[in-house]
Every structure is written in C-alpha cells, then in structure tokens.
Amino acid sequence: MQRQKQKEILGLNNTDTLNTRSTIALMLHGLGKNEEAYNIYQEVYQKQTEILGSNHSDTLETQFHMALVLDAQGKYEEVLNINRIIFEKIKNMSDTANAENAVHAQNNMAVLLCKQGKYAEALEIYKDVYEKKKLIFGVTHFETLRTLHGIAGVLCEQKKYSKALKVYQDVLDMQKVVLGPNHFDTLNTQYNIANVLFDQGKLIGALKAYKESFDQIKAFEPTPRVLNSLKQIKIIKLIFKLEANDISEMLQHLQKDINIAASNGDVQTVQRLLKSGASANDKDIDGRTPLHYAVSNRQIGVVNVLLKNEADITQGTNKRNTPLHIATSKGYKEIVEVLLEYVSRDKLNEFINAKTAASGSTSLHVAASNGYLEIVKSLLKHGATYNIENKEGKIPLDLSKYQSVTDLLQLVEELFKDAKKGNIEIISKLKAVNPDEFVAAMYTRNDQGNTLLQVTISNKHMNITSEMLKMLKLSNQNL
Numbered sequence: 035m036q037r038q039k040q041k042e043i044l045g046l047n048n049t050d051t052l053n054t055r056s057t058i059a060l061m062l063h064g065l066g067k068n069e070e071a072y073n074i075y076q077e078v079y080q081k082q083t084e085i086l087g088s089n090h091s092d093t094l095e096t097q098f099h100m101a102l103v104l105d106a107q108g109k110y111e112e113v114l115n116i117n118r119i120i121f122e123k124i125k126n127m128s129d130t131a132n133a134e135n136a137v138h139a140q141n142n143m144a145v146l147l148c149k150q151g152k153y154a155e156a157l158e159i160y161k162d163v164y165e166k167k168k169l170i171f172g173v174t175h176f177e178t179l180r181t182l183h184g185i186a187g188v189l190c191e192q193k194k195y196s197k198a199l200k201v202y203q204d205v206l207d208m209q210k211v212v213l214g215p216n217h218f219d220t221l222n223t224q225y226n227i228a229n230v231l232f233d234q235g236k237l238i239g240a241l242k243a244y245k246e247s248f249d250q251i252k253a254f255e256p257t258p259r260v261l262n263s264l265k266q267i268k269i270i271k272l273i274f275k276l277e278a279n280d281i282s283e284m285l286q287h288l289q290k291d292i293n294i295a296a297s298n299g300d301v302q303t304v305q306r307l308l309k310s311g312a313s314a315n316d317k318d319i320d321g322r323t324p325l326h327y328a329v330s331n332r333q334i335g336v337v338n339v340l341l342k343n344e345a346d347i348t349q350g351t352n353k354r355n356t357p358l359h360i361a362t363s364k365g366y367k368e369i370v371e372v373l374l375e376y377v378s379r380d381k382l383n384e385f386i387n388a389k390t391a392a393s394g395s396t397s398l399h400v401a402a403s404n405g406y407l408e409i410v411k412s413l414l415k416h417g418a419t420y421n422i423e424n425k426e427g428k429i430p431l432d433l434s435k436y437q438s439v440t441d442l443l444q445l446v447e448e449l450f451k452d453a454k455k456g457n458i459e460i461i462s463k464l465k466a467v468n469p470d471e472f473v474a475a476m477y478t479r480n481d482q483g484n485t486l487l488q489v490t491i492s493n494k495h496m497n498i499t500s501e502m503l504k505m506l507k508l509s510n511q512n513l
C-alpha cells in the first residue's frame, strides 16, 4: 500500500521510488525469491540508467545487487560479465567512491573465477586488488585482509598448501590484533587453517586449530563449518584411536605419546607425530618438551629429529632447566656438543649461560660440580662465562670437587689476570697446555663478556696480543 501511494505521488521514475523498489528486491533476495528480485532490479536498473546515467552510484549499486542475485542462482558467467562491465566503466575514475567500487568489482571477478575453477587468472586479479586495497584502505583494514584471505584460498585450490598456510597465518596474526580473536573473520581464518593442515595430513595441528575456533564458530553459525569441523575431528579421533571426546584431552594424550616416543628413542613414531602436526615445543605439566625427554634418556637420534623440526633448544622447564642443563647433569658429552653446535650464534650466550630457577646454576656450574672435565672444556670453548655466579655468589671453580676440573678453571682464572696485567708469562702458560685446553682458554669469556684476546687488546698489551693471534692461527690450522 505504501509503495503504491509512493508511485502515485512521486511517480515510477522518481529516485526515491526506485530506491524503495531496490530495497524490496533486496528483501526478496534475502527470502530466497531470486527470480522475482532480479526482475525488479532489471526494471530499476533501466530506469536509473535513463534518469541518473550508467555511472551514477545508485545505478552501479543496483548492478552489484543484480550480480548478487545471479550469484545465488549459480549464473557465474553472467555475474562475471556484470562485474567486468562495472570495472571497465569506473576503473579510471579518480574519486574515492568509484575507486572503491572498482576494486570491489575486481575482487568479485576473482571470486567468480575461483568458482569456475580458473585459479591462475583469479590469483592474478586478487594480487592486483590486494595492492590497490592496501593503498585505499590500509594494510590491516578488514577489506584488505579479506582479499589476502582470498589469495590463500586460491593457493589451497592449487594444492600449494605451504604457501597458503603462511598467507593464512599472516592474515590471522593481523586479524587477532585489528578485529580481535572472536571476530567472525578471525575465526573463519582459523577454521581454514585447520582445513589446510587436515589436507596436508597434519592432523594434530588441524585438531589444535579446530579447537581454537570451534566453540566460537558454533555460536555464530550452526552449519556448515561446525558440521565439517565435527566430521574432521571424528576422523582424527579414529586415526589416532583416541577415546576422549574433549579436544583438550585428545591433545594431551597425543602430547604424552610423543614424549614417550622421545624417551624410548622411537624415531619413527616421533617423525610420524611431527608430520601429523605435533609440535616439538609443546610442554607437559612440568614444562618439559619432547627435547627434554629425548636428552634425558640419551636418545641422540630423536634429539636430531626434533632439532630438524624446529625444536626450541632454549626452552626451559618450570624449574628453568634447559636441555643443556639436563645433558650436562647426566654427563652426555655427545649431546652437549650437538646442542651447542645447533644453537644459533645470536642465542648462544644466553643459552650457554642460562640459570636454573632454584640455585641460579649454569651448565658450567653443573659440569664443574660433577667433575665432567670434557663437558667443562666443551662449554668453555663455546664461550661459557668461566666466572659466572650462582645465587650464592659462587663461580664454577668454587663448586669443583675434582682436581682435573679445578686445575683447568684455576688456569683460566690465572690467564685472565695475566691478560689484564700484561704478564708476558701468559704465552708460555698457553704453550704448555694441550690443544683442547688451549681452545677452551682462548674462547671462554669473563663476566664482562670478553675473551682473553679482547682483554689484552682493551688493555693495550699489543705484544701479547700479537703472540696470541699467532698461536690462534696455528691452532686453527691444526684443527
């Protein structure tokens, strides 16, 4: 009745009447009456073109809505053509509104090409749109992130899972900050990450990702994502023969499995679980990772597998025991060497001098107190601080109960005093020690972070510095 009155008062060609009819068409589309909605949109579009012109914002909006209705009917080629027409009309217009409409049309083209399976063409358009949206909206705007999300989706369709996962993760990191962890776009990205991991066969990783988004997505939308998540979780549960229904319990069980396998030296099981998406860095209730378990049980094969799978070598337990503390305390020199060779140079100093929570002991304190001479040498040659203090103010030398260790640490202390004073006898002392003790003495550091050579240089003892450099060169040639 109101629409009829509006027609009578304002006429069919009035813009307000046309806008009202567009609103009715949109409502019909929402009710699934797409044929009726499209017929109204066609009539409105023809009138708007006559009255307002084909480039007017109202006319363009109607075209976008027509495309929306056709898309719901599965008429993808027609939708693609409409968006191409819109894009060609306005792509060179300089005003902001038309620039935004142009990228929206172009983005829609990419979506339609994906639906038609034309992924390479879709990807090129998405990339172009992404660059434009960064300029128009900004890098972290939700519109820009949705296009980046679309790029990841195309990469998935092309089976480029690793690339897709990286893009999805970049999107997720920004969405969590900009939109929040419970925003639908954020949850949708988490859901898609879970699906990619599932398709890669990284089932444990997928289970973790489903867990992060499942409850919140369920609140937004009962289907189909929730149903798909439930189906995938059920498959994972069957594959791993899990009895628990709670996802957290499932993950705890799987974490226990990898820790047991690491302890037993079961390389195949560890590799299988890692391939399935288990993390080499997940901690148990005591803060122990699979690497802690492998080191503690002298399973060097598992240690190497975990390190190759990005195990964080610097992680400590709740008591701040690093894998190096554990290997040292048990006298596993070969594992100590593996850990020290593996750690990155920028983390070496922090790692080798890491202190336990209770006593503030470093690995050198532990090695000295247990009389592990070879490990003491290994730690020193990798730059451990020889005179670092624990919570009681004691240095490793103070804790040594074994003469061989005491002799070496006392020698190192004397050498640093000689280096500071410029005592020329330092050279004869260095020449008298065996090669591995020489290397240990030359590369250990004092509590100022300096080596013997740096101490002689800072104190301007250039003659001693020159002799030490010659000895170092000769030592390196003999290695």
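Okay, so the sequence shown: first residue is 35 according to my numbering, each after it adds one. Cβ atoms here follow ideal geometry from the backbone N, Cα and C, with glycine treated the same way.
For residue i, report the span of its alpha helix (DSSP H) as first-last.
i      : result
THR419 : Careful: THR419 lies outside any alpha helix (DSSP H) and carries neither H nor E.
GLU368 : 367 to 376
LEU104 : 91 to 106
GLY335 : 334 to 342
LYS353 : That residue, LYS353, is in no alpha helix (DSSP H); it is neither H nor E in DSSP.
LYS81  : 68 to 85
Comparing alpha-carbon positions, which option in the options lies nearest residue i?
i      : options                           : result
PRO430 : TYR160, GLU371 and ASN480         : ASN480
VAL467 : LYS193, LYS455, SER438 and LEU398 : SER438
GLN286 : LYS309, ILE238 and VAL410         : ILE238
GLY427 : ARG259, GLY394 and MET61          : GLY394
ILE422 : LEU449, LYS367, GLN482 and GLN444 : GLN482
SER462 : ASP470, VAL473 and LEU449         : LEU449
GLY417 : TYR366, LYS425 and VAL473         : VAL473
ASN383 : THR419, ASN293, ALA101 and ASN352 : THR419
ALA296 : ILE270, VAL329, ILE269 and ASP318 : VAL329
SER412 : ILE458, THR362 and SER403         : THR362
LEU17  : LEU486, MET61 and LYS194          : Here the chain has residues from 35 to 513 only, and residue 17 is not among them.
ASN115 : ASN89, ASN142, GLU134 and SER91   : ASN142
Our contact map puts residue i next to residue j with C-beta atoms below 8 Å; I'd like the distance itself, whole angstroms only.
i      : j      : result
TYR519 : LEU414 : Limits of the chain in this structure are 35 at one end and 513 at the other, which puts residue 519 out of reach.
GLN224 : LEU206 : 6 Å
VAL370 : ILE347 : Not quite, the Cβ-Cβ distance comes to about 12 Å (not below 8 Å), so this is no contact.
ALA144 : ILE159 : 4 Å
THR351 : ASP320 : 6 Å
ILE85  : ARG55  : 13 Å between Cβ atoms; not a contact.
ALA314 : LEU325 : 7 Å
ILE273 : LEU241 : No, ILE273 and LEU241 are not in contact; Cβ-Cβ is about 10 Å, not under 8 Å.
Does DSSP put residue i in a helix, in a strand, or in coil?
i      : result
ARG479 : strand
ALA474 : helix
SER434 : coil
ARG322 : coil
TYR202 : helix
LYS504 : helix
TYR406 : coil
LEU285 : helix
PRO215 : coil
ILE429 : coil
HIS63  : helix
ALA312 : coil
GLU277 : coil
ASN383 : helix
GLN40  : Only weak support is given to the placement of GLN40: the predicted model assigns it a pLDDT of 46, under 50, and the value that follows is read from those uncertain coordinates. Here GLN40 sits in helix by DSSP.
HIS495 : coil
ASN298 : helix
THR390 : coil
Entirely enclosed beta strand (DSSP E) segments - the stretch 115 to 196, minimum 3 residues:
Note on the stretch 115 to 196: there is no whole beta strand (DSSP E) run with a minimum of 3 residues.
Unbroken stretches of the beta strand (DSSP E), 3 residues or longer, contained in the stretch 226 to 275:
Annotation note: the stretch 226 to 275 contains no uninterrupted beta strand (DSSP E) run of length 3 or greater.
Length-filtered (4 minimum) alpha helix (DSSP H) runs lying within the stretch 450 to 474:
Complete alpha helix (DSSP H) runs here, min 4: 459 to 466.
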